[in-house]
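Peer 1:
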Amino acid sequence: MKTSFKRSAMLAVASIGAIGILYACATKGATTQSLVSGDAASRVYVAPGSYDEFYTFMSGGYSGQVSVYGLPSGRLLKLIPVFSQFPEDGYGYNEETKPMLQTTYGFLPWDDSHHPELSQTDGVPDGRWLFINANNTPRIARIDLTRFETDEIIQIPNSAGGHASPFTTPNSKYVVSATRFSVPIPNTDVPIDSYKKNFKGTLSFITADQPGKMDIAFQILMPGYNYDLGHAGKGPSDGWFFFTSYNSEQSNTKLEENASQNDKDFVAAVNYKRAEECVTQGKAASRPSDYMHNWIDSTSRIAKSEKKTSVKMIDPQSCPGIVYYLPTPKSPHGVDVDPTGEYIVAGGKLATVIPVHSFTKMQKAIADKAFEKEIDGIPVLKYDAVMAGEVQKPGLGPLHTEFDGKGYAYTSMFISSEVVKWKLGTWEVVDRIPVYYSIGHLMIPGGDSKKPWGKYLVAMNKITKDRYLPTGPEMAQSAQLIDISGDKMKMLLDFPTIGEPHYAQGLPASIIKDKQLKYHKLAENTNPWVTKSENDGGITRTGKRVDIKMIAIRSHFAPDNLEGVQVGDTVYFHVTNIEQDWDILHGFAVLGANTPELILAPGETRTLKWIPKGPGVYPFYCTDFCSALHQEMQGYIRVSPAGSSVKLMANVSKKSQAQIGDAKKGQ
Ligand code: CUA
């Protein structure tokens, strides 16, 4: 086993040498000419005013966001904040969205977003929602694709490093999350070197088909390995889920060597219909487990948080038939199921072949009890009994595979920096194309579903080096667009990406472009601080709290002069954009504000909390260039010393002056 590791290490070293040679070639220039054919420019040109054919949603990796691009142009269309505060629009800063980032660890303003996953109907992306996982503090978010906004986030307890997430079942009944790091469950103070005894993994199934109602349906307690990626079965394998695991050595230190000892690790095949039965039969234990569920109320547009306190945990020993292990060489990373649902492709980072398991053979091996051994109640099936075939000499460092729906598979090769195309069934490599450099995931729109739109492939590359004008030590990571419509792959375009474009999903624009919300209906806004007309604005004091109700409309705020605030007060600006028109947004910022601005969608109310530090007059203004008189869209708020006799005043209508009077009477 030692020698086998050394061989892999030598291969890796040799291939790093090869990458060096690639860099050297690239820096000599003229690479563009040799890499793209003459018509590439016209293939990606989308004329001004014309639309792209596909949306693609890329995770922002350590930016905690999702970025939306058009294909084939590579145009950046939007950044959607998910797990990170976003100063550009106030997400996670304004009072309405702060609860979205609540966890049992408190308010977390950041995470690492890895795998976008489109919701599906009958195994095909349907454009309702995009799910994405948080890797650091395990969570799953739902983004509504009529608004391109994060609407819901659920935390995953008994998990650490939610990497194998949030892959969906064919009708998005569930999305899943598997723990990357095994941990003590429940997590308690134990010696780290008691790993083999005390550390466990979990696979979580989260109900996902009801907006605002995500919940942990059940968790499966697993051996203390690292769980990496997953994909649902489909067609004949519908009802099953496949997860890769590595570190079957159960090492707790120096994993780069110690977790590379075994020639084979495992794909865990989970029969989740069987899991449902076991839950129904009362075979799942209720385990105390705290986690948060946050969602945006649809009419007030205010996020709510609820704390949940238990999960149903299934131990495979008490639910036979729930999990089987498929031996898989070697430290497998990706696991991908082909569009027919028959083939399960694993990418062994250190493997010299791409192993493909057969679902039909797996079923037979289970019926025949072709078991090698059993681990914690999980039968290990014999490799030869489940193997459909192996792709020989594919390249170095196979990671992920997507499919074109025409019988071909495309695998990313991290070490040899290439995409390899091979044929399902014969396992022969039919084409390969270099990518620049060190590709992680790749994506074909619908390429992990039952119905790939097999026209383009996007390679997501970790290292950019010499591909763009240099920008200091950190370069943008890169995506490359490859035409896969013919026999030979053709490189069309490079474009830089935000954060780490870890994975992506794509679908034809026609599925969602005509379903976009253009504005929120003001009449339906139930935010308790909404101001629906200019006359309804005002200022009220409750002890040391001051609430200001204000409207924004082209090109003014009302009220726009405010007095009576004192040092020591906490001020809440509740600003409602009363426009009822598409793409007319206003912003709100005040001098010395403790948090970023507000950006206000038409019909929406957002609240900025402000604690003025000293007496003076502070201007506020609209930050979004909304009209010819945008620069006139401003106001002042006066702050007086604590105990000052300056009266509370807002220069709006008589009605609001009356409200002020009422408020004063109340004091
Ligand atoms: Cu409103 Cu600029």
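Counting the sequence shown from 1 gives a position; the working numbering is that position plus 899.
Glycine residues also receive a C-beta, built at the ideal position from the N, C-alpha and C atoms.
The model shown is predicted, which means the values in this text are computed figures rather than measured ones.
Short check: CB of residue 1233 to CB of residue 1128, under 8 Å?
Peer 2: The residue given as residue 1233 occupies position 334 in the sequence shown. The residue given as residue 1128 occupies position 229 in the sequence shown. Against a cut-off of 8 Å, the Cβ pair of residue 1128 and residue 1233 comes out as a contact.
Peer 1: Based on the DSSP output, what are the partners of residue 1115 in its beta bridges?
Peer 2: On the sequence shown, residue 1115 is found 216 positions in, with the first residue counted as 1. Bridge partners of residue 1115: 1105.
Peer 1: Near residue 1502, which residues of its chain fall below 7 Å by C-beta distance, leaving aside the five closest residues on each side in sequence?
Peer 2: Stepping through the sequence shown from its first residue, residue 1502 is reached at position 603. The answer, listed in chain order, is 1418, 1419, 1420, 1421, 1424, 1476 and 1479.
Peer 1: Under 8 Å between the Cβ atoms of residue 1467 and residue 1438?
Peer 2: Position 568 of the sequence shown, counting from 1, holds the residue named residue 1467. Position 539 of the sequence shown, counting from 1, holds the residue named residue 1438. Result no, Cβ atoms of residue 1467 and residue 1438 do not sit closer than 8 Å.
Peer 1: Counting Cβ pairs, one atom from each stretch, are 3 or more of them under 8 Å apart for the segment 1433 to 1447 and the segment 1370 to 1390?
Peer 2: They do not touch, by the three-pair rule.
Peer 1: With distance defined between alpha-carbon atoms, name the residue in 1285, 976 and 1116 nearest to residue 1186.
Peer 2: Here residue 1186 is taken as the residue at index 287 of the sequence shown, counted from 1. Selected option, being the one with the closest Cα: 1116.
Peer 1: Tell me where the beta strand (DSSP E) around residue 1243 begins and ends.
Peer 2: Within the sequence shown, the letter at position 344 stands for residue 1243. Note, residue 1243: beta strand (DSSP E), 1242 to 1247.
Peer 1: Identify, in the order they occur along the chain, each residue of the same chain with its Cβ nearer than 8 Å to the Cβ of residue 1083, setting aside the five sequence neighbours on each side.
Peer 2: In the sequence shown, residue 1083 corresponds to position 184, counting from 1. These residues qualify, in order along the chain: 1089, 1097, 1098 and 1099.
Peer 1: Quick check on DSSP: helix, strand or coil for residue 974?
Peer 2: Stepping through the sequence shown from its first residue, residue 974 is reached at position 75. Residue 974: coil per DSSP, three-state reduction.
Peer 1: Suppose the cutoff is 7 Å on Cβ atoms and the five residues either side in sequence are ignored; what does the same chain contact list for residue 1204 look like?
Peer 2: Indexing the sequence shown from 1 puts residue 1204 at position 305. Taken in chain order, the residues that qualify are 998, 1001, 1191 and 1193.
Peer 1: Output the boundary residues of the alpha helix (DSSP H) element that contains residue 1261.
Peer 2: The residue labelled residue 1261 in the question sits at position 362 within the sequence shown. Its alpha helix (DSSP H) spans residues 1258 to 1266.
Peer 1: Measuring only the C-alpha atoms, how far is residue 1281 from residue 1301?
Peer 2: Position 382 of the sequence shown holds residue 1281. Position 402 of the sequence shown holds residue 1301. One C-alpha to the other measures close to 26 Å.
Peer 1: What does DSSP give as the partner residue(s) for residue 1222 in the beta ladder?
Peer 2: Taking the first residue of the sequence shown as 1, we reach residue 1222 at position 323. BP columns for residue 1222 point to 1169.
Peer 1: Given 7 Å as the limit, tell me if residue 1482 has its C-beta closer than that to any heavy atom belonging to the ligand CUA.
Peer 2: Here the question's residue 1482 lines up with position 583 in the sequence shown. Result no, Cβ not under 7 Å from the ligand CUA.
Peer 1: Per the DSSP calculation, residue 1379 is bridged to which residue(s)?
Peer 2: One-based indexing of the sequence shown puts residue 1379 at position 480. In the DSSP output, where bridge partners are listed per residue, residue 1379 has 1358 and 1393.
Peer 1: Would you check whether the ligand CUA has a heavy atom nearer than 7 Å to the C-beta of residue 1449?
Peer 2: Here residue 1449 refers to the residue found at position 550 when the sequence shown is read from its first residue. No, the Cβ of residue 1449 stays beyond 7 Å of every heavy atom of the ligand CUA.
Peer 1: Here's a check: name, in chain order, each residue in its chain whose Cβ is nearer than 6 Å to the Cβ of residue 1511, leaving out the five neighbours to either side.
Peer 2: As a first step, residue 1511 must be located in the sequence shown, where it is residue number 612. Taken in chain order, the residues that qualify are 1538.
Peer 1: Are the Cβ atoms of residue 1101 and residue 1058 separated by less than 8 Å?
Peer 2: Here the question's residue 1101 lines up with position 202 in the sequence shown. Here the question's residue 1058 lines up with position 159 in the sequence shown. Yes, these two residues count as a Cβ contact at 8 Å.
Peer 1: Report the option in 1133, 1231 and 1525 whose CA atom is closest to the CA atom of residue 1249.
Peer 2: Position 350 of the sequence shown, counted from the first residue, corresponds to residue 1249. Residue 1231 is the option with its Cα nearest to residue 1249.
Peer 1: By a C-beta neighbour count over all protein chains shown, 10 Å radius and 16 as the cutoff for buried, is residue 1163 buried or exposed?
Peer 2: Here residue 1163 refers to the residue found at position 264 when the sequence shown is read from its first residue. With 16 or more Cβ atoms within 10 Å of its Cβ, residue 1163 is classed as buried.
Peer 1: Kindly indicate which residue of 1035, 1060, 1075 and 1022 has the alpha-carbon position closest to the one of residue 1041.
Peer 2: Position 142 of the sequence shown, counted from the first residue, corresponds to residue 1041. When each option's Cα is compared against that of residue 1041, the closest is 1075.
Peer 1: Mark residue 1253 as exposed unless 16 or more other C-beta atoms lie within 10 angstroms of its C-beta, in which case mark it buried.
Peer 2: The residue labelled residue 1253 in the question sits at position 354 within the sequence shown. Residue 1253 should be labelled buried.
Peer 1: Tell me residue 961's beta-bridge partners as DSSP assigns them.
Peer 2: Here residue 961 is taken as the residue at index 62 of the sequence shown, counted from 1. In DSSP, residue 961 forms no bridge with anything.
Peer 1: Is residue 1415 helix, strand or coil when you go by DSSP?
Peer 2: As a working mapping, residue 1415 is identified with position 516 in the sequence shown. It is coil, neither helix nor strand.
Peer 1: Around the C-beta of residue 974, are 16 or more other C-beta atoms found within 10 angstroms, so that it is buried, or is it exposed?
Peer 2: Sequence index remark: in the sequence shown, residue 974 carries index 75 (1-based). Flag for residue 974 reads exposed.
Peer 1: For the ligand CUA, is there any heavy atom lying closer than 7 Å to the beta carbon of residue 942?
Peer 2: Mapped onto the sequence shown, residue 942 falls at position 43. Answer for residue 942: no, Cβ out of range of the ligand CUA.
Peer 1: Measuring alpha carbon to alpha carbon, tell me which of 1012, 1024, 1070 and 1081 ends up nearest residue 1052.
Peer 2: Locating residue 1052 in the sequence shown gives position 153, counting from the first residue. It is 1012.
Peer 1: Counting along the chain, where does the beta strand (DSSP E) carrying residue 1334 start and finish?
Peer 2: Stepping through the sequence shown from its first residue, residue 1334 is reached at position 435. Per DSSP, residue 1334 belongs to no beta strand (DSSP E) and is neither H nor E.
Peer 1: For residue 1529, is the beta carbon positioned less than 7 Å from some heavy atom of the ligand NAD?
Peer 2: The model on display carries the ligand CUA but not the ligand NAD.
Peer 1: What residue range does the beta strand (DSSP E) around residue 1446 cover?
Peer 2: Start at 1 with the first residue of the sequence shown, and residue 1446 comes out as number 547. Looking at the DSSP string, the run of the beta strand (DSSP E) that includes residue 1446 is 1444 to 1452.
Peer 1: Using the Cβ count rule (16 or more neighbours within 10 Å means buried), how would you classify residue 1483?
Peer 2: Translated into the one-based positions of the sequence shown, residue 1483 becomes position 584. Result: buried.
Peer 1: Are the segment 1161 to 1176 and the segment 1118 to 1135 touching by the rule of at least three beta carbon pairs closer than 8 Å?
Peer 2: In short, these stretches touch, since the Cβ pair count reaches three.
Peer 1: Note down, in chain order, each residue of its chain lying with its Cβ closer than 8 Å to the Cβ of residue 920, except the 5 sequence neighbours on either side.
Peer 2: Stepping through the sequence shown from its first residue, residue 920 is reached at position 21. Note that residue 920 has pLDDT 37, beneath the 50 cutoff, so the model's placement of it is unreliable and the number below is only indicative. Cβ neighbours of residue 920 beyond the five flanking positions: none.
Peer 1: Can you tell me which residues form a DSSP beta bridge with residue 1288?
Peer 2: Translated into the one-based positions of the sequence shown, residue 1288 becomes position 389. Paired residues: 1255.
Peer 1: Is there a C-beta anywhere in chain C that falls below 8 Å from the one on residue 1402?
Peer 2: Among the chains in the structure shown there is no chain C, since it carries only a single protein chain.
Peer 1: Name the DSSP bridge partner or partners of residue 1127?
Peer 2: Sequence index remark: in the sequence shown, residue 1127 carries index 228 (1-based). None, per the DSSP bridge assignment.
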